[in-house]
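Residue numbers (this note's numbering), protein chains in the order written: chain X, 38 to 379; chain H, 38 to 379.
Protein chains: 2
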Amino acid sequence: MNSIKNDLLLRTLRKEKTERIPVWFMRQAGRYLPDYIKLREKYSFFERVRNPQLAAEITVMPVKQVGVDAAILFSDILVVAQALGVDVEILEGKGPILKNPIRTKEQIDKLNPQHTEEILHYALPTTRAVKDALSNEVPLIGFCGSPWTLLCYMVEGNGSKDFAKAKQFCYQHPELAATLLEKITQSSIRYLNMQLAAGVDTVQIFDSWGGLLSPSDYRKFSLPYLNEIVKAIQPKVPVILFAKGAWFALPELQKTGASALGLDWNIEPSVGRKMAGNAVVQGNLDPITLLGPQKNVEMETIAMLKNFGTGNYIANLGHGVLPQTPLENAKLFVDTVKNFKH
Amino acid sequence: MNSIKNDLLLRTLRKEKTERIPVWFMRQAGRYLPDYIKLREKYSFFERVRNPQLAAEITVMPVKQVGVDAAILFSDILVVAQALGVDVEILEGKGPILKNPIRTKEQIDKLNPQHTEEILHYALPTTRAVKDALSNEVPLIGFCGSPWTLLCYMVEGNGSKDFAKAKQFCYQHPELAATLLEKITQSSIRYLNMQLAAGVDTVQIFDSWGGLLSPSDYRKFSLPYLNEIVKAIQPKVPVILFAKGAWFALPELQKTGASALGLDWNIEPSVGRKMAGNAVVQGNLDPITLLGPQKNVEMETIAMLKNFGTGNYIANLGHGVLPQTPLENAKLFVDTVKNFKH
């Protein structure tokens, strides 16, 4: 069934031996690519997400131009907030703005995960167009945000250093927070199932704001919902969980049964491996390293590869690739992984 | 010699048994106190820092109004950048602005730690005025920023989410970064010695941006300089090291010989204790907890105290108290610690 030519990522996720380490970037389809920036001048963010041809073109760009071993669907984690009926705008360089942040029981009662398929209808043709454009060269990664990370934006109303309003809401109204998180979870599972139906080969869940929580609050507001999603999806395709800053939760994230755990650059590879138990690990170069100089890119990438050691490992950055990253440095990272011999 | 009435903090730092846990807040002298906000309307930030009477009044406020077991000198970590000849402005609510960020060898060559005493001359009368105003009720904590954290601001030129320019500078010019870090270290030691001469009883070093670094970069750009400062100061007064986000470095920070290590809220108290070895530990409630509700403040504070267990422990938040914290919640935290019985 699986006729993908370069299936290094999928074989690694199945814990099979591979001839070399697979490599991709978080945020690889986007803002650091000159050809993407040209499209950005012509189309708004959600025009790019919703138009199958545009989304396919953008998704394939880093495969062709940087040589990564997997594509990741061009979209945004906040489409799940839209699926629930929340108005989201993404302003270029400013991040998301939600005009009516969620703060009351009435607002939460109105959110309905059952409209997910209707509102995100474009996900099917878009994902299919991406699969077509990839012509089985490399696997396609689908994705969504974690319910906790979605709640952060939906309650705060915008990006924030500490998401104080969102966290205060959870501390003040833990039952309302639970209802909201559960609705986001249901909508996320529906959205991922749409991606699966259209052919994604694996999915990553981004808990970008997991690290804002204490270990006990993580167990309350993030982990149970990640667990629900993994239980629904992992039987179908391998799941990669990436919880930025939530190193403390690695052993519990591993217990969800997800195939792989992403690591940020704040953790020694050997420590990350140990905490991740028998999960495949993914990461973890500091994205700022890719700003240069090139000598340092090579040196730090090789150090990372040596520290992670052979097998059950996917090379990546410790967070999304930065917009100011020179294309040649992104390529250098990929080539260094590809040429690495243990 | 030590005639301080409430010396719970100092006895804890000496690892003596105490009748109860000492408590103070990072950023306790400032922006969440209504009486401080009144002074802010009349005087600029550095007027407040440099005027002995104002600085003394502000430093004593939380002791009188919140009941903390220690005062911390009202100042800012960026005075050490000023000591080196760098122009720093602090804009209310916007953070620091450095008009001429450090980017070249020529700029670094001009920085001279030997002018520290001259430029920060007010530190002596100010610290003495604070000591007088405290009339030996509680100990006075002096402080400075870590050289790494100072470099972040001095090179970036302002606050930042990721200090990409500062980190890129270090990756591109590691020798220049080392020279700059060494100069900041020398100036910091001189500044702390001035505080010591004027009577501070202990000092805390804030490595607020330590968590931006990978473990190996932390060993390059932060740890050696913290080590130098601890070696110079710890023989005179106990040193508390707080490296926000740098949980991975706790065992190495303990080896510097500092009396105590601060913990942020991303670490389970028992794990923090273990990683901190035989150092006293300090922390670690999520500052957003203090926004309320009060029931949650009490519950979470008690959970924290129970998890840290008896002895060698200083109650605090996991980072600075937030400007929007209600005064009564800050008091509730302090009272909960004071009334806690194991």
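Glycine included, each C-beta is placed from N, C-alpha and C at the ideal position.
{"Query": "Could you confirm whether any beta carbon from chain X is found closer than 8 Å to the beta carbon of H/Met38?", "Result": "Reliability of the predicted coordinates at H/Met38 is poor, the pLDDT of 47 falling under 50, and the value obtained from them is presented with this limitation in mind. No - not a single Cβ of chain X is within 8 Å of the one on H/Met38."}
{"Query": "What separation, rounded to the nearest whole angstrom, lies between the Cα atoms of X/Lys281 and X/Phe62?", "Result": "15 Å"}
{"Query": "Give a yes or no on whether the minimum CB-CB distance between H/Asp199 and chain X is below 8 Å.", "Result": "yes"}
{"Query": "Counting beta carbon pairs with one atom in the stretch 178–196 of chain H and one in the stretch 138–146 of chain H, are three or more of them shorter than 8 Å?", "Result": "yes"}
{"Query": "Would you say X/Trp185 reaches chain H, if we count a Cβ-Cβ gap shorter than 8 Å as a contact?", "Result": "no"}
{"Query": "Below 7 Å CB to CB, which residues in the same chain sit around X/Ile339 once its five sequence neighbours on both sides are set aside?", "Result": "Thr373 and Phe377"}
{"Query": "Helix, strand or coil: which one does DSSP assign to X/Glu84?", "Result": "helix"}
{"Query": "Which residues in the same chain have their Cβ closer than 6 Å to the Cβ of X/Ser112, if we skip the five residues on either side of it in sequence?", "Result": "Val86"}
{"Query": "Nearest CA to the CA of X/Ala118: which residue from X/Lys101, X/Ser296, X/Glu84 and X/Thr153?", "Result": "X/Thr153"}
{"Query": "Look at the Cβ atom of X/Val267, then the Cβ atom of X/Gly294, and state whether they are nearer than 8 Å.", "Result": "yes"}
{"Query": "Over the uninterrupted beta strand (DSSP E) stretch that includes H/Asp244, give me the two end residues.", "Result": "Thr239 to Asp244"}
{"Query": "Which one or two residues does DSSP pair with H/Phe279 in a beta bridge?", "Result": "H/Phe243 and H/Gly299"}
{"Query": "Just mark H/Gly130 as buried or exposed, buried being the case when its beta carbon has 16 or more other beta carbons within 10 Å.", "Result": "exposed"}
{"Query": "Got a sec: does the ligand ADP put a non-hydrogen atom nearer than 7 Å to the Cβ of H/Pro162?", "Result": "This structure lacks the ligand ADP; in fact it carries no ligand of any kind."}
{"Query": "Show which residues of chain H have a CB atom less than 9 Å away from the CB atom of X/Tyr350.", "Result": "What X/Tyr350 touches in chain H: nothing, since even the nearest Cβ is about 17 Å away."}
{"Query": "Just grab the DSSP bridge partners of H/Pro133 for me.", "Result": "H/Ile127"}
{"Query": "With X/Phe258 and X/Leu218 assumed to form a contact (beta carbons below 8 Å), what rounded beta-carbon distance in angstroms separates them?", "Result": "7 Å"}
{"Query": "Kindly list the residues whose CB is nearer than 6 Å to the CB of H/Tyr159, restricted to its own chain and excluding five residues on each side of it in sequence; keep chain order.", "Result": "Arg87"}
{"Query": "DSSP three-state label for X/Asn230, please.", "Result": "helix"}
{"Query": "Contact between the stretch 342–351 of chain H and the stretch 292–307 of chain H is defined here as three or more beta-carbon pairs at a separation below 8 Å; is this criterion met?", "Result": "yes"}
{"Query": "Can you pull the chain X neighbours of H/Phe285, defined as C-beta to C-beta under 9 Å?", "Result": "Trp284, Asn303, Ile304, Glu305 and Val308"}
{"Query": "Report all residues from its chain with a CB closer than 6 Å to the CB of X/Ala93; omit the five preceding and five following residues, and keep chain order.", "Result": "Ala166, Val167 and Ala170"}
{"Query": "Any C-beta of chain X sitting closer than 8 Å to the C-beta of H/Ser224?", "Result": "no"}
{"Query": "Rounding to the nearest angstrom, what Cα-Cα distance links H/Tyr386 and H/Leu50 in this structure?", "Result": "Past the edges of chain H, shown from 38 to 379, lies residue 386 of chain H, and the structure says nothing about it."}
{"Query": "May I ask you to verify whether the stretch 352–366 of chain X touches the stretch 230–246 of chain H, counting CB pairs closer than 8 Å and requiring at least 3?", "Result": "no"}
{"Query": "Does X/Ser251 have its Cβ less than 8 Å from a Cβ in chain H?", "Result": "yes"}
{"Query": "Going by DSSP in three states, H/Gly248 sits in which element: helix, strand or coil?", "Result": "helix"}
{"Query": "Under the rule that 16 or more other beta-carbon atoms within 10 Å means buried, what is H/Glu337, buried or exposed?", "Result": "buried"}
{"Query": "Applying a beta-carbon distance threshold of less than 9 Å, which residues of chain H neighbour X/Leu359?", "Result": "Asp199 and Ala201"}
{"Query": "So what does DSSP say about H/Ile266, is it helix, strand or coil?", "Result": "helix"}
{"Query": "If I measure Cβ to Cβ from X/Leu128 and keep anything under 8 Å in the same chain, skipping five residues before and after, which residues do I get?", "Result": "Ile134"}
{"Query": "For H/Tyr262, return the contacting residues in chain X, with the cut-off set at a CB-CB distance below 8 Å.", "Result": "Correct list: empty, because the minimum Cβ distance to chain X is about 19 Å."}
{"Query": "In terms of DSSP beta bridges, what is H/Ile351 paired with?", "Result": "H/Gln319"}
{"Query": "For the alpha helix (DSSP H) that contains X/Leu47, what are its first and last residues?", "Result": "Leu45 to Leu50"}
{"Query": "Taking only three categories from DSSP, how would you classify H/Asn195?", "Result": "strand"}
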